[in-house]
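Let me begin by presenting the structure, written as structure tokens, before commenting on it.
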Amino acid sequence: MLQDFLDATDGHSRIISYCTQPNWLFKQNKPHIYPDNATFTDWGYQT
């Protein structure tokens, strides 16, 4: 996957980040519900 990214962005500056990937990148059986309060700490990705 990294090589595909490097090939696709050849000639451009790149920033590679190995942080937690957001749920919307993946097909899931049930959607992740985001909290109404934007300052709420949500550890829902761990469940």
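Under UniProt numbering, the letters of the sequence shown match residues 1 to 47, in that order.
Yeah, the Cβ is synthetic: ideal placement off N, Cα and C, and Gly gets one too.
{"Query": "Run through DSSP, which three-state label would residue 26 get?", "Result": "coil"}
{"Query": "Measuring only the C-alpha atoms, how far is residue 34 from residue 18?", "Result": "22 Å"}
{"Query": "State the Cα-Cα distance for the pair residue 13 and residue 27, rounded to the nearest angstrom.", "Result": "29 Å"}
{"Query": "Can you name, in chain order, every residue of its own chain whose Cβ lies under 6 Å from the Cβ of residue 36, other than the five neighbours on each side?", "Result": "none"}
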